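Undergrad: One structure, pasted below without further comment.
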Amino acid sequence: MTMDTRIDEYGVPDRLIHKNETANRKILVSLVKKINWIDPVAFYQAGNEDFVGKRFYWQGQSGDFKMAGLGITEKIKIEGAADRIQKVRDSWSKILKNMVRTGVTDQEGSGPILFGGFSFDPNGRTTGLWKNFDSGLFYLPTFLLTVSRGQAYLTVNAFHFSGESLETSVSKMEEKADEILTKCQLVDYSTPKTEWLNIKKQDSEKWIELVNWAVKDLKAGVIDKVVLARTLELISDHRPDIGGVLHRLQAHQKGNFIFSLEVENDCFIGATPERLVRKQNNRLFSACLAGSIGRGRDPQEDDKLGRELMHDRKNRLEHNYVVSTVKNELKMVCEHLNIPDQPILMKNKHIQHLYTPVEGTCAAGVSIFDIVAGLHPTPALGGLPRNVAIKWIRENEPFERGLYASPIGWSDSNGNGEFAVGIRSALVSGKTTTLFAGCGVVRESIPEKEYEETAIKFRPMLDGLEVADNGSR
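See below:
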């Protein structure tokens, strides 16, 4: 090989071998080594032959932290609604009880990582669109590439069973890892361009009528806020190349979380601006993102639109609902909380938002899954009161949300990690790609304007898929 990327000489301790030989059980062995820099999207693409349906990708909001996972050493799949987030937390804790990590031990995002997501509403409408996803789905990858601040780390996760030769198991994994790393050098992003044969949108008049119904219930006091979404269905001549889409999102959607999660021939993919929670030891970071407007054609128009957003009563009301709810939820798990009194503008390529950052200090014993369970869905994704809004969506929205507008992210072996909210996203299923976009509806909402807002929110994924934006309205 021309690169120093081999993963041998981990220094697997004798105590691990002895520990497993004296107990009739399996042990998770997590081997981590620093390697030469590799593009995580190229690593993802290197799995095109052997790992389709068993891959994920994650890029943090700042762009300097990325992960790509290939293969599944363990899958946690939760069906049903009851305590689904706690069940994932407990299953992960059980796996980690019999785990040994060796090699590099102090790099965040390496070693045993659990990646996945939850559905928006486990009791919601089912149409078969998300048939390969359950109410909770997470992977412990076999091969994990982590790139942090320009440094690359390769993790191999494998179960070692009593009576097996650890040396033989590690040797086989080394060979496969070397094969993947060699393929990374040959990745070509110039795949045949997808030809989009048809664009099918929800009926605009029916969707505007749905928003009108919501406004009537809002004015009647039935509900305070509800978030409504719509879909855009694209039919192509072949399945879009997911690595190519990630490559374009990475280049064009800076300042966003970029993610993908594959199951069989399906892939949930997106570029979301919204963090749900990040936990780093006892430090907590969250965000309130609600209230939106488009970008201007020049700096002057852009500033004008930003000022309009900052002073718009409807958008400020929508934003304040989110801030109040997030504050109340996090108070229950934090010893200290810092939330600014006024929002600022977050500007992405196609849209700008009202944004309030949140920081806090977690109470002892709180896991990232506990925080996710308390926050989801915030009023930015569901509405207020929470249960009333979810019920309204369940009864009136004509499609299955699945993982759209839901927590997606990762947790490590120390209870740390990060979850974003799966908006600005799409579900790729064979030759059919379904895009999702939503907006917050309050008493002051004008249905036609909400429709235009959702059209803007389709743009990041249309751009990533190389679709001309002429069918989202």
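Mapping of the sequence shown onto the UniProt record's numbering: residues 1 to 473, in sequence order. Every residue gets a Cβ at the ideal spot worked out from N, C-alpha and C, and that includes glycine. Here the structure is a predicted model, which means the values were calculated and not measured.
(1) With distance defined between alpha-carbon atoms, name the residue in R424, E308, N320 nearest to K349.
(2) Under 8 angstroms, with one C-beta from each stretch per pair, do the stretch 294-309 and the stretch 257-276 reach the 3-pair mark?
(3) How would you write the range of the alpha helix (DSSP H) that S91 sits in, first residue to last?
(4) Within 8 angstroms, do at least three Cβ pairs link the stretch 263-274 to the stretch 322-334?
(5) With respect to the beta strand (DSSP E) encompassing Y451, which residues constitute its N-terminal and C-terminal limits?
(6) For N123, is the classification buried or exposed, using 16 other Cβ atoms within 10 angstroms of its Cβ as the cut-off for buried?
(7) In the DSSP assignment, find the alpha helix (DSSP H) that holds A251 and state where it starts and stops.
(8) List in chain order: all unbroken alpha helix (DSSP H) runs of 4+ residues lying wholly within the stretch 294-367.
(9) On the premise that V226 lies in contact with A389, defined as a C-beta separation below 8 angstroms, what is that separation, rounded to the nearest angstrom?
(10) Check whether the stretch 456-466 touches the stretch 247-254, counting contact only when three or more Cβ pairs, one atom from each stretch, lie closer than 8 angstroms.
(11) For T22, which of helix, strand or coil comes out of DSSP?
(12) For the 8 angstroms Cβ check, are there 3 or more pairs between the stretch 175-195 and the stretch 233-247?
(13) For the alpha helix (DSSP H) containing E397, name the first residue and the last one.
(14) If I measure Cβ to Cβ from I7 and keep anything under 7 angstroms in the same chain, skipping five residues before and after, which residues do I get?
(15) Would you report the Cα separation of G306 and T434, rounded to the nearest angstrom?
(16) For M332, collect the residues of the same chain with a Cβ closer than 8 angstroms to its Cβ; drop the 5 residues on either side in sequence, then sort them by chain order.
(17) Can you check which of these residues, V211, T361, Y44, H336, is closest to K183 by C-alpha distance?
(18) Is Y189 helix, strand or coil when you go by DSSP?
(19) Tell me G438's beta-bridge partners as DSSP assigns them.
(20) Output needed for G103: all residues of its chain with C-beta closer than 6 angstroms, excluding positions within five of it in sequence on either side, in chain order.
(21) With H, G and I counted as helix, E and B as strand and the rest as coil, what does DSSP make of S411?
(22) Taking a contact to mean a Cβ-Cβ separation below 8 angstroms, would you say S148 touches G109 in this structure?
(23) Thinking just about the alpha-carbon of each residue, which of G291, N414, T272 is nearest to the one in S367?
(24) Residues in the same chain with beta-carbon distance under 7 angstroms from S445, minus the five sequence neighbours each way, listed in chain order, please.
(25) Taking the Cβ atom as the reference point for each residue, do F399 and T127 lie within a distance shorter than 8 angstroms?
(26) Rank N48, P40, G71, D50 by C-alpha distance to the C-alpha of W58 and give the top, closest one.
(27) Got a sec? Which residues, its chain only, sit under 7 angstroms from T22 by beta carbon, not counting five neighbours each side?
(28) Report, in whole angstroms, the separation of the C-beta atoms of L403 and F159, which I expect to be a contact under 8 angstroms.
(29) Determine whether the beta carbon atoms of L70 and K87 lie at a separation below 8 angstroms.
TA: With the structure as the only source:
(1) Mapped onto the sequence shown, residue 349 falls at position 349. With distances taken between Cα atoms, K349 lies closest to R424.
(2) no
(3) By 1-based counting over the sequence shown, the position of residue 91 is 91. Start and end: 84-97.
(4) Contact between the stretch 322-334 and the stretch 263-274 is absent, with fewer than three C-beta pairs closer than 8 angstroms.
(5) Counting from one through the sequence shown, the residue named residue 451 turns up at place 451. No beta strand (DSSP E) contains Y451, which is instead part of the alpha helix (DSSP H) from 447-464.
(6) The residue given as residue 123 occupies position 123 in the sequence shown. Result: exposed.
(7) Stepping through the sequence shown from its first residue, residue 251 is reached at position 251. Unbroken alpha helix (DSSP H) run through A251: 242-252.
(8) Listed in chain order, the complete alpha helix (DSSP H) runs (minimum 4 residues) inside the stretch 294-367 are 299-311, 313-331.
(9) Numbered from its first residue, the sequence shown carries residue 389 at position 389. Numbered from its first residue, the sequence shown carries residue 226 at position 226. Going by Cβ atoms, the distance from A389 to V226 rounds to 5 angstroms, so yes, they are a contact pair.
(10) Because the criterion of three Cβ pairs below 8 angstroms is met, the stretch 456-466 and the stretch 247-254 touch.
(11) Indexing the sequence shown from 1 puts residue 22 at position 22. Reliability fails at T22, whose pLDDT of 49 lies under 50, so the model's placement of it is uncertain and the value that follows must be treated cautiously. Three-state DSSP puts T22 in coil, outside helix and strand.
(12) Under the Cβ criterion (8 angstroms, minimum of three pairs), the stretch 175-195 counts as touching the stretch 233-247.
(13) For this step, residue 397 is matched to residue 397 along the sequence shown. Careful: E397 lies outside any alpha helix (DSSP H) and carries neither H nor E.
(14) In the sequence shown, the residue the question calls residue 7 occupies position 7. The pLDDT assigned to I7 is 39, lower than 50, so where the model puts this residue is not dependable, and the model offers no usable value.
(15) As a position in the sequence shown, residue 306 is number 306, starting the count at 1. As a position in the sequence shown, residue 434 is number 434, starting the count at 1. Whole-angstrom Cα-Cα distance: 30 angstroms.
(16) Counting from one through the sequence shown, the residue named residue 332 turns up at place 332. Hits under 8 angstroms: G374.
(17) Taking the sequence shown and counting its residues from 1, one reaches residue 183 at position 183. Per the Cα distances, Y44.
(18) To locate residue 189, count along the sequence shown from 1; it is residue 189. The answer is coil: DSSP assigns Y189 none of H, G, I, E or B.
(19) Position 438 of the sequence shown, counting from 1, holds the residue named residue 438. DSSP, once it has assigned bridges, lists A229 as partnering G438.
(20) Position 103 of the sequence shown holds residue 103. Around G103: Y10, L31, V32, K33.
(21) Walking along the sequence shown from the start, residue 411 turns up at place 411. Strand.
(22) Here residue 148 refers to the residue found at position 148 of the sequence shown. Here residue 109 refers to the residue found at position 109 of the sequence shown. Yes, these two residues count as a Cβ contact at 8 angstroms.
(23) Translated into positions along the sequence shown, residue 367 becomes position 367. Shortest Cα-Cα distance from S367 to any of G291, N414, T272 involves N414.
(24) To locate residue 445, count along the sequence shown from 1; it is residue 445. Answer for S445: V211, V215, K314, listed in chain order.
(25) Numbered from its first residue, the sequence shown carries residue 399 at position 399. Numbered from its first residue, the sequence shown carries residue 127 at position 127. Going by C-beta atoms, F399 is nearer than 8 angstroms to T127.
(26) Taking the sequence shown and counting its residues from 1, the one referred to as residue 58 is at position 58. Of the candidates N48, P40, G71, D50, the one whose C-alpha sits nearest the C-alpha of W58 is P40.
(27) In the sequence shown, counting from the first residue as 1, residue 22 sits at position 22. Confidence at T22 is low in this model, with a pLDDT of 49, below 50, so its placement is unreliable and the value that follows should be read with caution. Once the five neighbours on either side are set aside, T22 has no close Cβ partner at all.
(28) Counting from 1 along the sequence shown, the entry for residue 403 is found at position 403. Counting from 1 along the sequence shown, the entry for residue 159 is found at position 159. Contact flag wrong, Cβ pair sits at about 27 angstroms.
(29) Taking the first residue of the sequence shown as position 1, residue 70 is located at position 70. Taking the first residue of the sequence shown as position 1, residue 87 is located at position 87. Not closer than 8 angstroms, so no.
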